[in-house]
Every structure is written in C-alpha cells, then in structure tokens.
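See below:
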C-alpha cells in the first residue's frame, strides 16, 4: 500500500470516529475501538478495489452507522440519558414555530431544496455514470485488453485477431472474448424497404463472459456462426413490437438471413463507445444487434467474419481475470506473450505490446474529472446555502434570545437548548430534502436532455435507492451544519442582560455580530471559488469556439447518402456522382459541392499504413495516417486551402496514374525538410507479398480538426473520388445563404436523380460543430448556473448583515446626523463596511480556489488556471455586487430621522 | 435457562453464531468469515455487527475473551468473541428448528421444483 492511500485510510478512520458519536457514549466505550478497527480493515479492502467501490462503501458505512445508532438508542432507552419524549416535544414545538412563521419556513425550505436538489441531481449523474457497476456480472474482474504501439506512441490500440488468439492463452485470465472495435451500419430489409441498424459482431462466448443472459432465448452456439443474431431490448420493442414469440424469426441483415436466437435485457449495453477503436461509432447510440463473430481467411464485416491476421487491428478485447489475479499480473503475462510475438513476427509485431485496463475505468474513466468538478461545484452551492441559512437563523435566534433565556432560567439545560435548535434545522433540511427528491425525480429527464448524447452510460442515469440515501444523508448533515452555529450561540444566552433589556432587546452582542460578519466573509469566499471556476470554464469554452477547424463551417450543408445494390461497380458510382454533383452545383443558391468518406467533427476515422518510396522500412513499421476520399469539389466546398501543388481534377480518372493529396501534418511528419509534391507512396501493406501500386502526391492541403476541436490534427491523406468512388459518402454543399433553407431542395434533388438512394442526417455544418463542444457546454452551463446561484446568495447574505447592522445602529446614526454628519458620509460608511467584508471574502476565496486548481485544470483549454482576466474580473464583480447589496440598507441609514431615532 | 426463548435467530445473529462455531474471532474476522461463507450474499458492516454483538453479549450467548489467542503477533487492541455454552445450545437448537422446517417443506413441495 502506498503512503498516500494509507493516509487516506487514516483520514477516513478519523471521520468514522466522529461519525460514531451518533451512538450513546456507553456503546461507544464498549465497541468503539473494535468498530473503528473493522472499519479501517474494510476501508483498505474497498480502496484496493478502486474509487467507485470505495465511494459505495463509504456511503453504505454512513447509512450503516446512522441506522444502527438509531436502533441502539431505541433499544437501550432505559439506560441512556437520551430522552425521546423531549425530542418528540421538540419536534412538535418546531412544527408550531414553522406554522407561525410561514414565510421564513417557506424561504428556508426553498433554499435548502435548491441546494440539496442540485446536489441530488448531480449525484444522480455521478452515481449512474461513475459509481454504479456496469451492467455486467462481477465487473471488477472484467478487463479491457489493448495493444500498444511504441512507434506511434499509442497505448490503447485495437487488437489483431491472431494476437487476440495468443493473448487468450494468458493464465491470469479465466476467459477472453472480442468484439469489433467499431459498429457497423447494417442494412435491415423490412416489408417497407431498407433500414439502417447498428450492429457489431462478438465472439460467441461474450455474453457468458460478461455474466449476462438474454431475457428471451439463449446465447450463440458454435454451430450457427453464419446464421444467428441476438437483438437488443430496444430493437425488440421498436421493430418487433415486443413480441414474446419472436425467437426463430428470420431477419435479413446485409442480404443475409439470420435467425433471432435471443433478446437481451433492457439494461444491457455493450460495447460502450469508449471501448471502441478510433473508427468507433457511426452516429447512433447503442448497438441493436449482435452477430456471432467467426474467424475466417476472408474478411467480411457485414456477416460478422474476421480475417485471421496480425497486421490489421480491429478487435476490442475484453477478458475476465481469474479470482485473485491482479491487473499487474495480467499485464506482465500479456507483455511476455507480446514479446514472444514480436520476436516471432517482427514484420507485424515488432513495436506492439499489450495493455490491461479495468473495464469500468475504460468505460467511464474519461468522464471522471468533469463529473468530479461538477460534484465539487454543486457542493459549494450547498455550502453557501448552509452559511446563508445559518446567518438567517442566527438573526432569528437573537430575536428569540428572550425565549431561550426564559427557558434557560426555568431550568432547561444547555444540551436541551442545543437539541431544540438542531431538531428545528434538521426538520427544515429534511423538508428541503424531501422537496428536492421529489423535484429531481421528475425533472431528471429534462436535465439529461442537456447532457451530451454521446456521453457513455448517460442512458443508465436514473434516481435509485443510493440516490435517495445520498439525499437523506446530505439533508441530515445540512440540518446539523446549519444548526450548530446558531445552536451554540443561542444556548448561552447572557441571561441577565437579555431579560433586563426587555422590550428594547433588539441589539445583538458584539460577538454575534462578529460571527455573522464571519459567515458573510465565508459566503463571499465560497462564491468567489465558484465564480472563478465558472469564469475559467467560460474562457476555455470561448477559446475552444475560437479554434480554427481548418474549414469554413458557416453556410455549409452536410448530409449522408447510402447507395442501393444497383451501384455495385465503381463505374456505376462514378456515373452517379457525375450526374448528382452537376445537378447539385446547378441548384440556385449552391456555390460548390463535394463528397467525402469521413466528415470532420461528425464522424469516425479510418487509418491506413503508407510506405514512402525510397525509404527502407518493414511494412509493420510503416507510418499510419488517416485515410479519406475527396469527391468532386470537396476541398473547395469545405473551404480547405490548398497550400502546395494542386487539388484533384477531372484528369485524375480511373485510367490515370494514382494520385493523392496530403495534409500539412502528414507533410511535416513524413517529409520534414523535403517537398512532398511529386513523391510516391504505397497505400496499405502488401497483401500476400504483392506490393500495392505507387501513388503520387500532387498537393498539400491545410490541416482539418477531424476528431474534435481540441484534438490536434493527425496526418491524413485523400484519394480522388474518380479513382475510388465511395458507396456511403457524406455530401457537403457550400451555400450562398442559410444552408437550412436548402435542405428540402437538396433532398428532392437526390431523390430526383434516383429515388432508391437514401439521403439522411441533413444538417448544417454549424450544428455539427456545435455538437462537438456539447460536453464542454454542458459542464459550463451547470457551473455557470451554480456560479449565478452563488452570487445571488452572497448578495442576499451581504444585504442581510448590512441591514441588521444599520437597524442596530439606528440610534447612533441618528445622533451623528443630529450632530451634523452629512448623509453622504453615512452612506459611505455603511457601503465601505459591507465592501470590506466582501473584500475579505474575496481574499479568502482566492486562497481556497488555489486548492481546487488541479480539479479545474483538466477542463481548461487555451488558458492557464491563473488567467488574469478571470482573476481580476471575478473579484471586481463580487465587490460590485456587495456594494449594491449594501446600497439599500445604506439609503435607509441616510434617511434616518434623528428625532425618531432618538425617541425610540 | 430456556433455550427456546431465543429462537428463531435473525439471519445476522445466526451467521455470527456460525462464524464463531469454530472458535474465537475478532470483529473483522467475523465480517470476513460471514462474507466468505455466504459468497458475498450477506455483507456485515461494523454498525450492524456490533449492535448484534452487543445484544448477544447482553443475552449471554457470547462472551468476550480475557486472554487473547495468538500471542505477540496479534493486535493488542482487538477483542475476541466466542460462543458461551448457552450460545452453543441456542445455535444447535436453531439448526434443529431449521432442519425440521426444511424437512416439512420438502415433504410439501415434493415433486415440484422447489
């Protein structure tokens, strides 16, 4: 165990000891040390299983202690000093207090519901995405097995089929199975026509290894690799009408009859997007049909077959560790196997090794920083709400000072007075929590529509028992937190002075005023932290939006088309594109048009290896570049500049020598100090020893951000559409005006050319670009909302304290005014006093913020955490708001009538 | 002392009795043993365990050990528990009670898929 994790356990054990105070002292004396020890042991065990397991364990521990402590107190009623009857009367009394102050009660409950509700909502997402086990049995033993490529510096590369079969022999694994590292858009023939479904292929033992069974039917057998299919619950409901007698029905997928042998349960999702390779998903969410994967000599992805090869890597591999085996053992063993393979097959495997990653980490690990950030932000919101309410209660408790003093004089002990206040605040918080739980449970789906659709597991997010437990625990803690300061303050009333000051008892002690000012400073400090975070995220968002994607996204319409079987040959497709693009170009409002196979920011990638003429490298070590096709005027329509040489033209036909265009990054990486134009490359490693023909580089174009705005461009190459006409291309159309208005016309034009061509996903490029920043926008929106809430609450806090101070100083100000003080000077004094508090808060907030910088750093782009505009802007805003909040009380102070003030 | 008045045992108490059948154990060992034997079906947390231990001590079904086994290697602060003769008797009685219930149930569901 590392010292860091040992320190963690020590800290948590300390917290546990505090928690044990929920038990009666006698019980604690008897069993406290044993329980603490048992907790520490379990804590170490849970920590070894990872953060998610630890979080679940801690949550359960809290409920375990609270529930059992309550039960112990009930059962030992006769022995403990805890007086349940008095608690009962406290509750009744608090109820009457609430009923007598409906406005205060409503406001307090609303503020708490807001704070607790925001926490519940974010925790619901964190729970569904990060904490809940994946929908597989025994997921802690499930591991993702990747290839690594030391030449390309990649540590999560997909796996070649032959390598997979060798990795399978590793003794640390009880089982290992594979799926395609991408999802196929497969044609499903129906009575109505042809539809596109998302399918993938898995090795037959996959479902068993994942620990899941179909809800209907069975999994694959080895005898039906060409003829079976298992469908998802969603597919079964939507396309098969949820028919329970669907087993045995035949579906025609990619012109291939397949019998349905199973329907998976509704909660089953596999694979998650994050488990796939770079060619990943098309644009859909979940896989609808699984085909059994068969290893053969010829690769035919549509029918679920995989070529036995080492040089093409297209499998995502999942393994189940044997009980007791560790990730380190598995890694060591697979690396050993990989070393042997590298020695035996240097052509393909010299730079390849293996890498084991826990499946849970693989599925959602990338989301953790953003979600932890949100959880932290929303925690701050609740803290501010707590401070605000504590302040409010403090004001009320000073008003109730007489009541407390009388009760104390009549013999109420200090404990009873504290208990009375805590019962009230816990009741308020639990009311707030109940409202929050209700609101969150019916508004969660609305919040989720804001979330990026491609966020893994977002579909599994829903409130459950854990969330309810969390809400309850947070409410309880909140109630105690807001109650403790007023309770302590109220429990030592200065008896004589309070009772003596009789009707005029509106002033509070100096200590109390200091306490309240301290709370305001804390509140402003917390608001600074949140607003700083929101400011940094906003600035990052703006700098991401300012990234030049390498093409012009405005006035650009995109769509995808799928060609039917009547365009099987390249000549047929060439003829189609000639007609289609000349008709599109002729449309009014269209400036230019073109096509490609991978749309920037909106689709996947595919790579190929290239061998540069004159460089003596074994094919296994050829550089890997992204591969695309450019049809018609693609570069012109996209606005991608040609930097060197030329773009494709009509002379680059099927009979002409093969040509390619490369991007700037490829030119830089492969031809550092040379002119790439005129050089020749071989595309794809030679199959069966026959080298591929040489292609000549005719031009260099500007870099385009393909895999997201923030991802640096990769090396990429294009072949001309005339030499390799695609069958499922994206079409891009540069328009003179708003592209959305042309959508219907373009669709009609495609149908006019051939009505069997499916045109889908018609979207303006600006929308594609906007979706590329959806996760960033989601996090920003939430943090900005938290920040706004924090500012509002800080303003209310400052206002409250200043109003109180002014009302207490009425007499003093009256005397000053009577003695000739200028009203303007009075106003200034009050504002300065408030602003000083805010300034102290700002300083405290900046200090706290530095502690949270590492959390925010992962979400920043293009700016540093010490971003001057944010660091100057946020304090300025806070202080301006504080000054505004002081203004009303200050105005009142200024207009005090000296005569009135003195008479009272 | 009448054994029957302790019956039936709650599942948690029965599991603790089973864990202590082989000899004395400290709290964490009981938790581990229960989890291991029920294959993770029953996971005791400290709160549940010690509340049950407290009740069992009060009822005289288990006792705390004065001198701890294991000698120097053992953590000084750990407390060990073992069944008292009464505890043994109660556990045996519970086993008999369960066995007779199972026999009765088998008779009722014979031929079915229970």
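Protein chains in written order, with this note's numbering: chain G, 745 to 1648; chain V, 586 to 699. Don't be surprised by glycine CBs; every beta carbon is placed ideally from N, CA and C. Only a predicted model underlies this, so the values are computations on that prediction, with no experimental measurement involved.
_I need the DSSP call for residue 1248 of chain G, collapsed to helix, strand or coil._
Residue confidence for residue 1248 of chain G is low, a pLDDT of 44 falling below 50, so the modelled location carries little weight and cannot support an answer.
*Does the beta carbon of residue 1272 of chain G sit closer than 7 angstroms to a beta carbon anywhere in chain V?*
no
_Residues of its chain near residue 1373 of chain G, where Cβ-Cβ distance is below 7 angstroms and the 5 sequence neighbours each way are ignored_ = 1340, 1341, 1462, 1463, 1465, 1468 and 1470
*Interface partners of residue 645 of chain V on chain G, CB under 8 angstroms*: Residues of chain G passing the Cβ test: none, with the nearest at roughly 15 angstroms.
*asked:* Strictly by DSSP, which residues pair up with residue 611 of chain V?
replied: V:665
*DSSP state of residue 1673 of chain G mapped onto helix, strand, coil*: What the structure shows of chain G is the stretch from 745 to 1648, and residue 1673 of chain G is not part of that stretch, so it cannot be assessed.
_C-alpha gap between residue 703 of chain G and residue 1310 of chain G, whole angstroms_ = Here chain G comprises residues numbered 745 to 1648, so residue 703 of chain G is not present and cannot be evaluated.
_Strand pairing of residue 1371 of chain G, partner residues [DSSP]_ = G:1461
*Which chain V residues sit within Cβ distance under 8 angstroms of residue 783 of chain G?*
631
*Using the rule of at least 16 other Cβ atoms within 10 Å of the residue's Cβ for burial, across every protein chain shown, is residue 993 of chain G buried or exposed?*
exposed
*List, in order along the chain, the chain A residues whose C-beta lies closer than 9 angstroms to that of residue 813 of chain G?*
The structure shown has no chain A; the protein chains it does contain are G and V.
*Would you identify the three-state DSSP class for residue 673 of chain V, choosing helix, strand or coil?*
helix
*Could you tell me how far apart the beta carbons of residue 1377 of chain G and residue 1326 of chain G are, in whole angstroms, since I believe they sit closer than 8 angstroms?*
Wrong, their Cβ atoms sit about 11 angstroms apart, outside the cutoff.
*Just how far apart, CA to CA, sit residue 970 of chain G and residue 806 of chain G?*
53 angstroms
_In chain order, each alpha helix (DSSP H) run of at least 4 residues that lies wholly inside the region 898-953 of chain G_ = 905-911 and 950-953
*Indicate whether at least one CB of chain G lies closer than 7 angstroms to the CB of residue 666 of chain V.*
no
_Considering only their Cβ atoms, is the gap separating residue 780 of chain G from residue 804 of chain G smaller than 7 angstroms?_
no
*Would you say residue 1375 of chain G reaches chain V, if we count a Cβ-Cβ gap shorter than 7 angstroms as a contact?*
no
*Nonlocal neighbours in the same chain, by C-beta distance under 6 angstroms from residue 591 of chain V, ignoring five residues either side*: 675
*residue 1500 of chain G, buried or exposed, once every other Cβ within 10 Å from all chains shown has been counted against 16*: exposed
_Residue from G:1573, G:791 and G:1506 whose Cα sits closest to the Cα of residue 752 of chain G_ = G:791
*asked:* For residue 612 of chain V, would you say it is in contact with chain G, using Cβ-to-Cβ distances shorter than 7 angstroms as the test?
replied: yes
*Environment of residue 833 of chain G [buried if 16+ CB atoms lie within 10 Å]*: exposed
*asked:* Does chain V have any CB closer than 7 angstroms to the CB of residue 816 of chain G?
replied: yes
*Let me know the secondary structure DSSP gives residue 1516 of chain G once reduced to three states.*
coil
_Rounded straight-line distance, which links the Cα of residue 1642 of chain G to that of residue 1555 of chain G_ = 8 angstroms
*List the residues that DSSP assigns as beta-bridge partners of residue 974 of chain G.*
G:1006 and G:1034
*Buried or exposed: where does residue 1392 of chain G fall if 16 or more other Cβ atoms within 10 Å of its Cβ makes it buried?*
buried
_Pull the bridge partners of residue 1479 of chain G from the DSSP assignment, please._
G:1334
*Select from the region 1001-1026 of chain G all residues with a C-beta closer than 8 angstroms to any C-beta belonging to chain V, and list them in chain order.*
none
*Do residue 1122 of chain G and residue 871 of chain G have their C-beta atoms closer together than 7 angstroms?*
no
*Residues of chain V with a CB under 7 angstroms from the CB of residue 805 of chain G: which are they?*
630
*Assuming residue 1537 of chain G contacts residue 1132 of chain G under a Cβ cut-off of 8 angstroms, what Cβ separation, rounded to an integer in Å, is found between them?*
5 angstroms
*Cβ neighbours of residue 1006 of chain G in the same chain (closer than 7 angstroms, five flanking residues each side left out)*: 958, 960, 961, 962, 963 and 974
*Would you tell me roughly how many angstroms separate the C-alpha atoms of residue 985 of chain G and residue 589 of chain V, rounded to the nearest one?*
57 angstroms
*Please state whether DSSP places residue 1613 of chain G in a helix, a strand or coil.*
helix
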